[in-house]
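The listed protein sequences derive, respectively, from chains R and C. Whatever position you read off the first sequence (first residue = 1), add 15 for the numbering used here. Whatever position you read off the second sequence (first residue = 1), add 174 for the numbering used here. Even for Gly, the Cβ is constructed at its ideal location relative to N, Cα and C. No experiment lies behind these values; they were computed from the predicted model shown. Notes follow once the structure below has been shown.
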Amino acid sequence: MGKTLAEKILSLKSGTDAKSGDIVIANVDLVFVQDTTGPLAIKQFEESGLRTIAAPEKTAIFLDHAAPSPTQQTSNDHMLLRRFARETNCHIYDVGNGICHQLVAELFANPGNIIVGADSHTVTAGALCGFGTGMGSTDIATAMALGKTWFRVPETFLINLSGSFSKGVYAKDLILSLIGQLGADGATYKALEFGGESSARLTMSERLTIANMVVEAGAKVGLFPSDEVTQSFLSSRGRGDSYKPLYPDADASYERIMSINLASLEPMVAFPHTVDNVRPVSEAKGTKVQQVFIGTCTNGRLEDLAVAASILHGKKKYPDTRLLIAPASQQVLLQSIEKGYIHSLVESGAVILPPGCAACLGLHQGVLGDGETCLSTANRNFKGRMGNPTAMIYLASPATAAASAITGEITDPREVMT
Amino acid sequence: MPETVLKGKAIKLGDNVSTDDIIPGRFAHLRSDLAELSKHTFEDLVPNFASRVNQGNFLVAGRNFGSGSSREHAPLVIKMSGIAAILAKSAARIFFRNAINQGLPVLLCDTNQINDGDQLEINLTEGVITNLTSNAKLTSTKIPSLMFAILKEGGLIPYIKKHKDFKL
């Protein structure tokens, strides 16, 4: 019997013939923490008595979740993380560099890698056919020390994609629609694997958006095959040598196979307070929004800002709606400046936030007021997520977000796109 | 895991309790001060949670317990509150690993058979839950032997201190 992508990668890295259901110990290619999970990881690392990290070059710290720091306590946590990086000689990406998952894609993730991070959206690396998965601080501390960790080899759901997106419909609408179909725990413990003729045509930016959100259906990992799109992305990042093609075997065994025709999709919105509460944008039409937030590891890339800028260019945001934009990395910010996107966005009335997680998790830079509503391009809309348990968060694509910023209410992007 | 048979009272919760419900993200700046952080456990979901919990109580939830963020502070503050085990129909995988790594048992079973306030007896070795109030017996899903070994040591740090490595 052939292997799925998850079985292939875990076989390779564990030196075993890994099949779903097995428990394996596998070497990791990158282990990382961010500023809200790192301090506990360091505490656990120190308590473990293991003393040294296995591979400083495969270990990274990202200061992105509360960056620059909004409180004394967080500033002290940042100091602790900087000191640990100096002492262990591991990588550190300080405030302003960008969001961990974007930087992992830009700098580290390669096909066939295993990447573990103390952040649930570590699954983003699956876009590059890296087995990326989130863990807690203690698992990550142990993986830092040992250079390996244990995995239960997941069963896989194959998601076959056909057709092309129609105007105004994007990768975000696809993944929201899939999460709506699966439910918030529909893929718990499972791997999602994307395939089919349209999967091969998706750009790396689109793949990153999709892989990023598989955890919202409970999945452990969301993998795209490594193909020409992967090769061209890696070459553009100066990592062409790291490319290798990686596909599932034709006779791989899947627990479930689903098919989605991209042409059948329309702009989607996740309603409060769960990500699987997904409905067509028409059902949210007219909902007033006090804040629109475009950014995050889901939708803060150059292509996302390009869409937002194209919709907002020459127009003004609605006066009573705040428009916050956070590029996912320093490079995204620089390229957005070079291409004129930032100019268009600022002229429309947007506030540009530093590269990082920004308003996504309610620590700073856009905390919502009592009873306020935000339309966000992020991946979570849990009650309290943006810092206020009485606020309402809707999730949508950058196009829907930009269109809604103009009207001040949730708007189908096709109504404003020319 | 010093005790393999636990007895206590059920505190019932619903489906999709996220790690943001358990310990809201807005308190992330308190994560290096666990005593302060733990004052906010379940603040938005269960008012006066701390005063409702007695040492040795069990949380009994529906589907998808612990969904969302990877913050290990979620099982950590639950354990600090005195909760001795979590029972749920299903649990998010990162939370499940984190709880075991903190030495906090999570048993997956049909929690419809348990009401708020029921007295339960849990045999961790056998994975059997007896509802002493209704006399119903429930069997939980078996966990991988490596996870059980970690739980038996009281969590991943004691396990690693003892074994220096993972033993399959």
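Own chain partners of residue i with C-beta closer than 6 Å, once the 5 adjacent residues on each side are dropped
| i | result |
| --- | --- |
| R:D291 | I194, G195, G198, A199 |
| R:L45 | K73, F123, I130 |
| R:E221 | A186 |
Cα-Cα separation, residue i to residue j
| i | j | result |
| --- | --- | --- |
| C:G188 | R:A299 | 26 Å |
| R:G53 | R:D319 | 29 Å |
| R:P334 | R:S419 | 12 Å |
| R:P83 | R:D188 | 31 Å |
| R:S135 | C:N272 | 12 Å |
| R:R337 | C:L180 | 52 Å |
| C:S319 | R:L390 | 44 Å |
| C:N231 | R:A232 | 30 Å |
| R:Y269 | R:S90 | 47 Å |
| C:A184 | C:N289 | 7 Å |
| C:A323 | R:Q306 | 48 Å |
| C:A258 | R:G132 | 28 Å |
| R:A81 | R:A140 | 22 Å |
| R:Y409 | R:P282 | 13 Å |
| R:R429 | R:G183 | 5 Å |
| R:F248 | R:M219 | 7 Å |
| R:H328 | R:R66 | 54 Å |
| C:K253 | C:I296 | 17 Å |
| C:V251 | C:E210 | 10 Å |
| R:E212 | R:A324 | 30 Å |
| R:V138 | R:H93 | 24 Å |
| R:G210 | R:N314 | 22 Å |
| C:I260 | C:T299 | 15 Å |
| R:V244 | R:I174 | 18 Å |
| R:Q246 | R:C115 | 22 Å |
| R:K34 | R:K205 | 13 Å |
| C:D194 | R:D109 | 25 Å |
| R:I425 | R:L339 | 16 Å |
| C:T315 | R:E170 | 17 Å |
| R:G30 | C:L294 | 44 Å |
| C:P332 | C:S255 | 21 Å |
From the options, residue whose alpha carbon lies closest to that of residue i
| i | options | result |
| --- | --- | --- |
| R:S26 | R:F60, R:A202, R:P263, R:L349 | R:P263 |
| C:H203 | R:M407, R:G402, R:E430, R:D427 | R:G402 |
| R:A234 | R:L280, R:G147, R:R252, R:G364 | R:G147 |
| R:C105 | R:A75, R:N125, R:N128, R:G127 | R:A75 |
| R:L217 | R:G371, R:L277, R:G377 | R:L277 |
| C:D292 | C:E300, C:S308, C:T313 | C:S308 |
| R:T157 | C:L298, C:K316, C:K338, C:T315 | C:K338 |
| C:N190 | R:V382, R:I24, R:G381, R:T289 | R:T289 |
| R:V168 | R:G301, R:S181, R:I40 | R:I40 |
| C:N334 | R:T405, R:L348, R:E62, R:I107 | It is worth fixing the name first, because residue 334 of chain C is Ile in this sequence and not Asn. Comparing Cα-Cα distances from C:I334 to each of R:T405, R:L348, R:E62, R:I107, the minimum goes to R:E62. |
| R:E22 | R:N128, R:L55, R:A120 | R:N128 |
| R:F180 | R:G64, R:S279, R:P369, R:V43 | R:S279 |
| R:F77 | R:N112, R:I57, R:V347 | R:N112 |
| C:H247 | C:R226, C:G256, C:N228, C:F269 | C:F269 |
| C:E177 | C:R205, C:L330, C:K336, C:L325 | C:L325 |
| R:G371 | R:A365, R:E387, R:L348 | R:L348 |
| C:G182 | C:R200, C:N228, C:P221, C:S206 | C:N228 |
| R:Q350 | R:L143, R:A373, R:L317, R:P369 | R:L317 |
| C:I349 | R:G423, R:L55, R:F397, R:S214 | Given that chain C is displayed from residue 175 to residue 342, the structure contains no residue 349 of chain C and the question cannot be resolved. |
| R:K332 | R:F308, R:G355, R:P126, R:E353 | R:F308 |
| R:P240 | R:A365, R:V43, R:P126, R:G384 | R:P126 |
| R:L376 | R:R400, R:K354, R:T388, R:E387 | R:R400 |
Own chain residues within Cβ distance below 8 Å of residue i, not counting five before or after
| i | result |
| --- | --- |
| C:K311 | V302, I303, T304, N305 |
| R:V293 | L191, S192, I194, G195, M283, V284, A285, F286 |
| C:S264 | R237, N238, F239, L282 |
8 Å contact criterion, which residue i and residue j should meet: CB distance rounded
| i | j | result |
| --- | --- | --- |
| R:G151 | C:N275 | 6 Å |
| R:H358 | R:P85 | Contact flag wrong, Cβ pair sits at about 28 Å. |
| R:T441 | R:S412 | As displayed, chain R neither begins before 16 nor continues past 433, which places residue 441 of chain R out of reach and without an answer. |
| C:A262 | C:A224 | 21 Å between Cβ atoms; not a contact. |
| R:V51 | C:R205 | Correcting the residue identity first, residue 51 of chain R is Thr in this sequence and not Val. About 6 Å; that satisfies the 8 Å criterion. |
| R:I271 | R:F166 | Ile is not the amino acid found at residue 271 of chain R; the sequence shown has Arg there. So it is not a contact: roughly 20 Å between Cβ atoms. |
| R:G384 | R:A374 | Actually they are not in contact, since the Cβ atoms of R:G384 and R:A374 sit about 13 Å apart, beyond 8 Å. |
Neighbour list for residue i in chain A, Cβ cutoff strictly below 8 Å
| i | result |
| --- | --- |
| C:S241 | Looking for chain A here will not work: the only protein chains present are R and C. |
Residues of its chain near residue i, where Cβ-Cβ distance is below 7 Å and the 5 sequence neighbours each way are ignored
| i | result |
| --- | --- |
| C:P198 | H214, E217, D218 |
| R:I68 | T74, T103, C105, M159, A160 |
| R:N227 | H116, H136, V138, T139, C312, T313, N394 |
| R:V304 | T336, T388, C389, L390, S419, G423, E424, I425 |
Query raised in the report: Which full runs of the beta strand (DSSP E) of 3+ residues lie inside the segment 221-288 of chain C, going along the chain?
Result: 232-234, 259-262, 280-282
Report task. Within the segment 298-381 of chain R, note down every full alpha helix (DSSP H) run reaching 4 residues or more, in order along the chain. Result -> 311-314, 317-327, 345-353, 356-363
Query raised in the report: Mind pulling the alpha helix (DSSP H) runs of 4 or more residues that sit fully within the segment 68-118 of chain R?
Result: 87-103
Requested in this report: Just list the alpha helix (DSSP H) runs in the segment 195-266 of chain R, keeping only unbroken ones of 4 residues or longer that don't cross its boundaries, in chain order.
Outcome: 212-216, 219-227, 243-251
**Report entry** Any alpha helix (DSSP H) of 4 or more consecutive residues that is wholly inside the segment 127-188 of chain R
**Finding:** 152-161
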